[in-house]
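Take 36 as the starting number for the sequence shown in this note's numbering and just add one per residue.
Backbone N, C-alpha and C define an ideal beta-carbon position, used for all residues, glycine too.
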Amino acid sequence: MSKTKPPVKSPGNPLLQQPKRRITPGIIVVIVLVLALGAGVGVQYYRGHSKVEVSSNGRPEPTVVTGPGSAGKGITVGKSGAKVNIDLYLDFRCPHCAEFEEASGATVDKLVQDGTATLTYWPLQFVNPDASPRLANAFAAAAANGKALSFVDELYGDFSKSWTTDQLLELGKQLGVGDAKFQQAVQDNTYASWLESVGTAADDRGVTGTPTVFVNGKQLEANELTAEGLQKAVDAIAS
């Protein structure tokens, strides 16, 4: 009995484009989300594991006139007896504070270095409930070791970094304050209660955001939060 052969499929016309399988919009969305998630994880990993590189090591460091720990009082640096005092309310996770530091930091540093003004830091901790307190505490530990200004410069100088506890410890080490006392203060959140008192003092003064700047008790307006605006406010008192 003979068998019937299956029909032979004729090859398609090689000159004609063969129909392609369509990718549904749903698949495209999933692919995009997966790629975005992967990129986000990569960025987050880099922020938390990137190398700490210090740029301000060796620069003149102003004297810490009032260190951390006194309830309701900020950290003051500079030369005692200066005619002007600048109060700076900041949060180390505040992008506008980073912008203010980039635009006006050199002016503030000069005013402090030449004895025109003292600078009082008031570290607040409300922008990021996890990171802000950790960074503010590490700053206080650095200030207690005489490295207030340099620590601030580095935290804002690499604002995109997560500044994990390990990165903060490495920063302290590179700035020359990475001894056991500093490490313990960072790891044990030693200045937590003092930071709460600083926040209360800021509330009592009517501070509602960061950065907020006072020059001899007078708050600068938003449009004065520039190097020129700050210099003008100081000159009006010092001259």
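Is residue i helix, strand or coil when you go by DSSP?
i: F186; result: helix
i: V8; result: This structure does not reach residue 8, given that the chain is present from 36 up to 274, and the question cannot be answered.
i: Y226; result: coil
i: K196; result: coil
i: V89; result: coil
i: G75; result: The predicted position of G75 is uncertain, since its pLDDT is 49 and thus under 50; a value taken from the coordinates is nonetheless stated next. Three-state DSSP puts G75 in a helix.
i: V250; result: strand
i: L203; result: helix
i: E259; result: helix
i: V11; result: With the chain running from 36 to 274 in the structure shown, residue 11 is simply not present.
i: V242; result: coil
Which residues bound the beta strand (DSSP E) around residue i?
i: D214; result: Neither: D214 is in no beta strand (DSSP E) and is coded neither H nor E.
i: V99; result: 99-101
i: L154; result: 152-158
i: V269; result: Unbroken run through V269 is the alpha helix (DSSP H), 262-273; no beta strand (DSSP E).
Within 10 Å of its beta-carbon, does residue i have 16 or more other beta-carbons around it, so buried, or fewer, so exposed?
i: S90; result: exposed
i: E189; result: buried
i: N258; result: exposed
i: G252; result: exposed
i: G113; result: buried
i: Q219; result: exposed
i: S167; result: buried
i: A268; result: buried
i: I62; result: exposed
i: P103; result: buried
i: L246; result: With the sequence shown as reference, residue 246 is identified as Pro, and Leu is not the correct amino acid for it. Buried is the call here.
i: S139; result: buried
i: D126; result: buried
i: A215; result: exposed
i: K182; result: buried
i: G207; result: buried
For the alpha helix (DSSP H) containing residue i, name the first residue and the last one.
i: A177; result: 166-179
i: D122; result: Careful: D122 lies outside any alpha helix (DSSP H), inside the beta strand (DSSP E) at 119-125.
i: F135; result: 130-148
i: V112; result: First-last for V112: 110-112, but that is the beta strand (DSSP E), not the alpha helix (DSSP H).
Between residue i and residue j, is the Cβ-Cβ spacing less than 8 Å?
i: G234; j: L159; result: yes
i: A176; j: T225; result: yes
i: V100; j: T111; result: yes
i: L123; j: L154; result: yes
i: V212; j: N180; result: yes
i: T98; j: L265; result: no
i: I121; j: V242; result: no
i: L27; j: V248; result: Not covered by the structure: residue 27. The range shown for the chain is 36 to 274.
i: G192; j: Y156; result: no
i: L204; j: F186; result: no
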